[in-house]
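*Asks:* Would you mind keeping the following structure in view while I ask a few things?
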Amino acid sequence: MTQRRFPDRFLLGCATAAHQVEGGIDNDWSRWVADHPEAVNGGGDAAIAIDHYRRYRDDLEQLGSMQHNAHRFSVEWARVEPAPGVFDHDALAHYVDVARTCRRFGMEPVVTLQHFTLPVWLAEAGGFTAPDAPVRFARYAAACVEALGEQVTWWVTVNEPVVVAVLGYLEGLWPPGERSLPRTMAALRGLLRMHAAAAHAIATVSHQHGRAAQISIAHHERRLLPRDPSLRADRAIAKVPDYLFNRWFLRACVTGRILRPVGSGEAVPGLAGSLTYLGLNHYTSEAVSLDLGAPGMLFARHEPVPGLPLSGTGWAIDAGSLRVALIDLAREFGLPIMITENGVADDHDELRPTFLRDHLGAVADAIDSGVDVLGYLYWTAWDNFEWAEGYTQRFGLISVDRESLQRVAKPSAALFAEICRTHEVPDALVATRQGA
Ligand code: IFM
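Just so you know, the working numbering puts 362 at position 362 of the sequence shown, and the rest follows in order with no gaps.
Structure below.
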């Protein structure tokens with residue numbers, strides 16, 4: 001029978017990212033949106049976002065009152081190091097207080113060092129492809145661990161490295177707006193070296209202070225299935241993005257080498273064994289078919305798996321794929337897994353209750369199959385700036401009025417609070433899953 005109660009130490013809470021909520025940040029993304037307002041669906045920018053930089057105490061108190069016992073946030077590199085080698089101690093003190101405030105309200109902080117955005121000075125020097133990006137990132141990581149390490153055990157070096165490389169360098173939808181396969185490969189190599197350098201810095205500084213540190217990336221996994229499994233072409237083409245998107249980065253972290261086709265197997269110092277747990281961001285599954293007209297997408301056409309309900313973003317809602325991802329990743333990498341993101345865009349909070357029950361049920365099923373799952377962090381606490389989707393996609397448990405910035409908890413926030421309180425998948429799920 002499925003174990004439907006999560007272990008006592010199981011982490012339950014929400015994930016956020018600085019640029020999407022804080023407001024008042026000058027980084028590559030704020031410059032990109034200023035220069036390309038058309039790049040954001042519905043217009044808008046993150047100049048104010050939800051003003052979380054000033055309101056974080058009240059915001060975190062609200063999450064604590066909802067029984068969350070964990071909270072993932074990111075430190076904004078552009079604030080902490082506004083010019084190369086110049087560290088802003090007030091900005092660091094701010095994030096120390098954010099971590100302390102999480103603890104005060106009963107939440108274990110999970111801290112991301114790089115969530116899509118870069119300081120302008122690094123972006124202008126080549127961003128992820130800048131030769132000194134790894135050294136710079138390691139210094140910034142060391143400064144963060146020095147400052148926050150007393151409060152923080154769980155670290156995420158880079159959020160969704162493959163996503164940020166593909167959208168910024170292959171599809172040109174995000175900064176720096178390039179469309180080049182060789183540049184995408186260069187960005188991936190840079191991100192891998194940056195992760196390795198930061199992981200080494202986190203481990204070293206933590207060790208010097210006698211503190212424990214857990215280190216991962218936040219790996220975005222989409223289950224990629226052949227559109228028509230009876231077609232050899234679809235079966236073959238689906239394997240390409242599945243390897244590049246879902247496995248290449250993780251396998252590089254395990255082997256310590258920049259694997260083909262992105263590299264030629266060269267070793268990266270500090271990379272092998274750099275993951276002590278595996279952070280998993282999971283949203284959807286996709287059907288992949290051969291498309292000879294899409295060389296820029298490596299001849300693969302992606303679409304939602306037919307027959308599944310769609311979220312506001314048009315992503316297929318597929319709780320079973322979360323269970324499969326957990327089982328596959330645990331089998332291959334043998335690491336404990338924290339779900340660092342999982343959520344649904346849903347304007348009217350109609351899909352979210354079932355989404356939560358089904359996805360937490362899938363997590364319970366994976367635990368039942370022997371996967372060591374450390375926690376589940378819902379994306380996200382507040383409706384926020386959703387990158388190229390602007391404010392058009394609402395993933396939050398809490399809505400935020402765009403004029404008054406007033407926060408109002410949605411009904412699903414109460415459901416999630418109940419799950420956090422009881423550490424149990426609600427009963428209604430049994431019917432939902434068995435009927436599915
Ligand atoms: O909003 C993003 C987040 O920044 C990274 N993972 C996916 C989320 C939803 O698109």
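We put the CB at the ideal spot given by N, CA and C, even for glycine.
These numbers come from a predicted model, not from an experiment.
Which partner residues of residue 154 appear in the DSSP bridge assignment?
*Replies:* In the DSSP output, where bridge partners are listed per residue, residue 154 has 110, 214.
*Asks:* With a threshold of 7 angstroms on Cβ separation, who are the neighbours of residue 214 within its own chain once the five nearest residues in sequence on each side are excluded?
*Replies:* 153, 154, 155, 276, 277.
*Asks:* Measuring only the C-alpha atoms, how far is residue 85 from residue 77?
*Replies:* Those two C-alpha atoms are separated by around 12 angstroms.
*Asks:* I want to check one thing, is the minimum distance from the CB of residue 17 to the heavy atoms of the ligand IFM below 7 angstroms?
*Replies:* Answer for residue 17: yes, Cβ within range of the ligand IFM.
*Asks:* Can you list, in chain order, the residues of its chain with a C-beta nearer than 7 angstroms to that of residue 175? Leave out the 5 residues immediately preceding and following it.
*Replies:* Cβ neighbours of residue 175 beyond the five flanking positions: 28, 29, 32, 123, 168.
*Asks:* Confirm the yes/no value for this check: CB of residue 386, any heavy atom of the ligand IFM, distance under 7 angstroms.
*Replies:* Yes, the ligand IFM has a heavy atom inside 7 angstroms of this Cβ.
*Asks:* Looking at C-alpha atoms only, which residue of 117, 165, 131 is the closest neighbour of residue 182?
*Replies:* Checking every option, the nearest Cα to that of residue 182 belongs to 165.
*Asks:* Quick one: what's got a C-beta closer than 6 angstroms to residue 56's C-beta in the same chain, skipping five residues either side?
*Replies:* So the qualifying residues of the chain are 98.
*Asks:* What do you reckon, are the CB atoms on residue 185 and residue 137 nearer than 8 angstroms?
*Replies:* It is not a contact, given that the beta carbons lie outside the stated cut-off.
*Asks:* From 272, 293, 53, pick the residue whose C-alpha is nearest to that of residue 73; which is it?
*Replies:* The shortest Cα separation from residue 73 among 272, 293, 53 belongs to 53.
*Asks:* Under 7 angstroms: does the beta carbon of residue 116 sit that close to some heavy atom of the ligand IFM?
*Replies:* Checking every heavy atom of the ligand IFM against the Cβ of residue 116, one is found closer than 7 angstroms.
*Asks:* Can you list, in chain order, the residues of its chain whose CB lies under 7 angstroms from that of residue 279, leaving out five sequence neighbours each side?
*Replies:* Around residue 279: 156, 216, 217, 218, 219, 338, 340.
*Asks:* Quick check for students: name the residue ranges of the beta strand (DSSP E) that lie wholly in the stretch 161-247, counting only runs of 3 or more.
*Replies:* Qualifying beta strand (DSSP E) stretches, in chain order: 214-226.
*Asks:* Per DSSP, what kind of secondary structure is residue 2 in: helix, strand or coil?
*Replies:* In this prediction, residue 2 scores a pLDDT of 49, lower than 50, which makes its location untrustworthy; the coordinate-derived value is nonetheless stated afterwards. Reduced to three states, the DSSP call for residue 2 is coil.
*Asks:* Taking 7 angstroms as the cut-off, is the C-beta of residue 355 nearer than that to any heavy atom in the ligand IFM?
*Replies:* No; taking the cut-off as 7 angstroms, the Cβ of residue 355 has no heavy atom of the ligand IFM nearer than that.
*Asks:* Using DSSP bridges, identify the partner residues of residue 399.
*Replies:* Paired residue(s): 408.
*Asks:* Excluding the five sequence neighbours on either side, which residues of its own chain have a C-beta within less than 7 angstroms of the C-beta of residue 290, listed in chain order?
*Replies:* Contacts found: 233, 234, 237, 299.
*Asks:* Is residue 395 near the ligand IFM, judged by its Cβ being under 7 angstroms from some heavy atom?
*Replies:* Under cutoff, so the answer is yes.
*Asks:* Tell me the rounded alpha-carbon separation between residue 23 and residue 119.
*Replies:* Going by the C-alpha atoms only, they are around 15 angstroms apart.
*Asks:* Tell me the rounded alpha-carbon separation between residue 1 and residue 367.
*Replies:* Residue placement at residue 1 is flagged as unreliable, the pLDDT there being 41, under the threshold of 50; the coordinate-derived value follows with that caveat. Each residue's Cα considered, the two are about 12 angstroms apart.
*Asks:* For residue 334, does the count of other Cβ atoms within 10 angstroms reach 16, so buried, or fall short, so exposed?
*Replies:* Residue 334 is exposed by the Cβ-count criterion.
*Asks:* Assuming contact is defined by CB atoms lying nearer than 8 angstroms, are residue 355 and residue 398 in contact in what I supplied?
*Replies:* In this structure, residue 398 does not lie closer than 8 angstroms to residue 355 by Cβ.
*Asks:* So, using beta-carbon positions, are residue 425 and residue 361 closer together than 8 angstroms?
*Replies:* For residue 425 and residue 361, yes; Cβs fall inside 8 angstroms.
*Asks:* With DSSP as the reference, label residue 272 as helix, strand or coil.
*Replies:* Residue state, collapsed to three classes: coil.
*Asks:* For residue 137, name the three-state secondary structure that DSSP assigns.
*Replies:* Here residue 137 sits in helix by DSSP.
*Asks:* Cβ of residue 246 within 7 angstroms of any heavy atom in the ligand IFM?
*Replies:* Residue 246: no, Cβ never under 7 angstroms from the ligand IFM.
*Asks:* Could you spell out where the alpha helix (DSSP H) holding residue 9 opens and where it closes?
*Replies:* Neither: residue 9 is in no alpha helix (DSSP H) and is coded neither H nor E.
*Asks:* For residue 312 and residue 207, what's the separation of their Cα atoms in angstroms?
*Replies:* Their Cα atoms are separated by approximately 44 angstroms.
*Asks:* So which of 75, 71, 96, 159 has the shortest CA-CA distance to residue 106?
*Replies:* If we check each option's Cα against that of residue 106, 71 comes out closest.
*Asks:* If residue 394 sits next to residue 346, beta carbons under 8 angstroms apart, how far is it from one beta carbon to the other, in whole angstroms?
*Replies:* Yes, residue 394 and residue 346 are in contact; Cβ-Cβ is about 7 angstroms, under 8 angstroms.
*Asks:* Could you tell me which residues DSSP puts in a beta bridge with residue 257?
*Replies:* DSSP output for residue 257 lists 267 as bridge partner(s).
*Asks:* At which residues does the alpha helix (DSSP H) containing residue 391 begin and terminate?
*Replies:* Unbroken run through residue 391: none, as it is neither H nor E.
*Asks:* Where are the alpha helix (DSSP H) runs, 4 residues long or more, that stay fully inside the stretch 312-381, in chain order?
*Replies:* You should have 319-333, 352-368.
*Asks:* So residue 390 and residue 43 are supposed to be a Cβ contact under 8 angstroms. How far apart are they, rounded?
*Replies:* Right, their Cβ atoms sit about 6 angstroms apart.
*Asks:* Considering only heavy atoms of the ligand IFM, does any lie closer than 7 angstroms to the CB of residue 439?
*Replies:* Given that the chain is displayed from residue 1 to residue 436, the structure contains no residue 439 and the question cannot be resolved.
*Asks:* Please list the terminal residues of the continuous beta strand (DSSP E) segment that includes residue 308.
*Replies:* That residue, residue 308, is in no beta strand (DSSP E); it is neither H nor E in DSSP.
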